[in-house]
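Protein chains in written order, with our numbering: chain S, 1 to 418; chain Y, 419 to 836. All C-beta atoms, glycine included, are put in the ideal place defined by N, C-alpha and C.
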């Protein structure tokens, strides 16, 4: 069987399973999730042994230490997977929720019902825990899933898939509700992202390069997260204490995350007040600072920022700083260079906060809060499958609701249209 | 200037205009719409003269009578455009609407704000009135628009565009908020649907062939409406009076519309009761009937349906009829052959109606109502840009809300994440 045929068969089975999962009741889906957790818990030795093969292959191939770290399954990693399954089981079921029911002049009653998307394809890189996270969120939201992990995690993912299947079986849900692509052939991805007859949406998780390649070639709609070039703008009417606390937290809480601030914008009138104190904090934490010309007049010992800095997601202990003349300049900088992920203003001024909220075109826009809050757990979604920087369907952290859609329902009593 | 350069420049201008339109206040947008109506009303002679050129070219090229009919602008058509602009001006502005604001444990307050999509590209065929409809809905929802009409309507569309520009100017909105592509080169479409830097969404309006071509080649997300293969299922527990009234209305109200029923499904136990009476109605209206084998036993004089009939959108006075054994068979037929547009069940049974609502995977699912209601005006959306048979972003009739998205907003008081 060719890879194409293999993928088509996988797609067909997923499509068939999807109509069963879509109308499975909440209890059955939750049972499946809990039984998956039990299966993972009982298969620790098998999982760790399968993972050992991947780790050995990875070392032989010369994978970097951080990549090997992300690939590793140990008891702690299994504990986390078990807990996350139990958490997803505890979340409310979004499917079937009906909203906005109202009577119309014609006599019909119109509303919207929340429904699964159908079949979701997830393409991801080395972390095997994504297999569990993605499968559980897609199942809970009533979707069938096709998972394509990285080739370096193939043994781990296959072992995890066996536990997922066991859970599905025990809850009498079709095993095809969650399928793992068990070939490392790259052609499988090319098929997955173009099988519009079987796949309703693709969610890629990984580096920007992977996501750009997939979006470029996909025929199936993609929910994607490209990068996180987040800004904090300190207005001249900012409360200095809040400004310093937030600018510190947004940059230094964690460096490698997409909601970390990459560029700090400061109003010219407050630059002398906040920048020296902030710079001292950053330098004490070994953050490299790169400033615009005006910033260099205030902070004399730092490097100059180049045009490229404004559009760079460092994901590292580096911060670019720009002094702007007013709110309009800050908003223009953000709408030009931001990746439409998360941007914040620090101000006590009511009118400026409203303007910022309205005019900044990003998936999360904040006033007097750290960009670090842009996260599915912090937003109370319970879990997230990713953060969308797209403009349609779902923006920002995507939880169970983002994996569903709404259809119209009409209840009548024999009405016809004149 | 090459077509590519021309389109890139158009896109860049649209993008720039979009940020101004996005934060224009409701009054300003409504003024623009009303001034467009005034301009159209005052330019009747110019519009009709420009249209005469298109009609003459169309006749010379041998366009069919219905196509020439759709292309024609007369006083009545101008009246309709004027009225539709006034109606859109009277609709509530969706932009900036805030929902679901709530405090979270961290102290931040989280909600969602409705925002425009940005730049919308509309690709359509011969009807010049689409120019006004699409431009007005996109403007009201805060988006910039690039309109690419059919080459056969180029003079009409350019004349309408001049009125639109006048309206925009008088309301002090950028003229680039609505741009009409003024070249008939097909390369313009190829550019428009791949300019992901400038265009946020494409809405094609026209025949299935056009829409399939565009979806296939587009890199920009597409909201599309492929076809309307709509079903009515008459259950054995249907109220016969309602069943006959609805099955008649769904098929014969208008034949050429996407929400017309194309296949009637009838439970075997009620077929003898309803089919002869229904057939008499259909035949009196010259509707051709095509039946499955079992139907032919009840209605002896009609043609046999072939496999192809079940997946055909007739858009004509033709109806295929199938007798099914139970609800499950009806749902399976619908989920196999329906175009996921609109499907209805006629039943008095509570449990079966719930099952049908839940399991039928279409953008509108109805109980005891005619499929003819699937329409933006009937649904109270005020107007519609089209009916989406897609599963993400917007399903069913798409009004102003479907032309917007929601971003997260966070209001804080200096909160940082631990």
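In terms of CA proximity to residue 33(S), 90(S) leads the group 11(S), 129(S), 90(S), 45(S).
Listed along chain S are 391, each with a C-beta nearer than 7 Å to that of residue 618(Y).
According to the DSSP assignment, residue 80(S) belongs to the alpha helix (DSSP H) that extends over 75-90. Residue 795(Y) is classed as exposed because its beta carbon has fewer than 16 other beta carbons within 10 Å across all chains shown. Only those residues of the stretch 533-551 of chain Y whose C-beta falls short of 8 Å from the nearest C-beta of chain S are listed: 533, 535, 536. Residue nearest to residue 721(Y) within the set 731(Y), 733(Y), 705(Y), 734(Y) is 705(Y) (criterion: CA-CA distance). Rounded to whole angstroms, residue 37(S) and residue 251(S) show a C-alpha spacing of 36 Å.
Considering only 757(Y), 700(Y), 707(Y), the residue with the shortest C-alpha distance to residue 729(Y) is 757(Y).
By the C-beta density criterion, residue 35(S) is buried, having at least 16 other C-beta atoms within 10 angstroms. Judged by DSSP in its simplified three-state form, residue 437(Y) adopts helix.
Beta bridge pairing from DSSP links residue 649(Y) with 681(Y), 761(Y). Every alpha helix (DSSP H) of 4 residues or more that sits fully in the stretch 587-673 of chain Y is shown, in chain order, as 605-610, 626-635, 658-670. Beta-bridge partners assigned by DSSP to residue 415(S): 787(Y). When the beta-carbon positions are compared, residue 649(Y) and residue 541(Y) stay at least 9 Å from each other. Short of 6 Å from the beta carbon of residue 161(S), and not among the five residues preceding or following it, lie these beta carbons of its own chain, in chain order: 180. Distances from the CA of residue 172(S) to each of 417(S), 390(S), 107(S), 28(S) were compared; the closest alpha carbon is that of 28(S).
Scanning chain Y for C-beta atoms nearer than 8 Å to the C-beta of residue 343(S) yields nothing, as the closest lies near 10 Å away. Rounded to whole angstroms, the gap between the alpha carbons of residue 14(S) and residue 408(S) is 25 Å.
The beta-carbon of residue 92(S) is placed no less than 9 Å from the nearest beta-carbon of chain Y.
By the rule that beta-carbons nearer than 9 Å mark a contact, residue 369(S) touches chain Y.
Secondary structure at residue 397(S): strand, using DSSP grouped into helix, strand and coil. Counting only Cβ-Cβ distances below 8 Å, residue 505(Y) has no contacts in chain S at all, with the closest Cβ about 16 Å away.
Taking a Cβ-Cβ threshold of 7 Å, the residues of chain S close to residue 639(Y) are 221, 392, in chain order. Proximity to residue 471(Y) across 576(Y), 631(Y), 484(Y), 521(Y) peaks at 576(Y), based on C-alpha coordinates. For residue 103(S), there is no enclosing alpha helix (DSSP H); the enclosing beta strand (DSSP E) has its first and last residue at 98-103. For residue 350(S), no chain Y residue has a Cβ inside 9 Å of its Cβ, as the nearest lies near 11 Å away. Taken atom to atom, the span from the alpha-carbon of residue 647(Y) to that of residue 815(Y) is near 15 Å.
Secondary structure at residue 419(Y): coil, using DSSP grouped into helix, strand and coil. If you ignore the 5 residues before and after residue 733(Y), its C-beta comes within less than 6 Å of the C-beta of 674, all in its own chain and listed in chain order. Distances from the alpha-carbon of residue 565(Y) to those of 785(Y), 774(Y), 835(Y), 425(Y) put 425(Y) closest. When only Cα atoms are considered, residue 802(Y) and residue 560(Y) end up about 15 Å apart. Beta-bridge analysis with DSSP links residue 512(Y) to no other residue. For the set 108(S), 155(S), 117(S), 118(S), the Cα lying nearest the Cα of residue 131(S) is the one of 155(S).
Close partners of residue 413(S) in chain Y (Cβ separation under 7 Å): 786.
In the structure shown, residue 578(Y) adopts helical secondary structure according to DSSP, grouped into three states.
The DSSP-derived three-state label of residue 429(Y) is helix.
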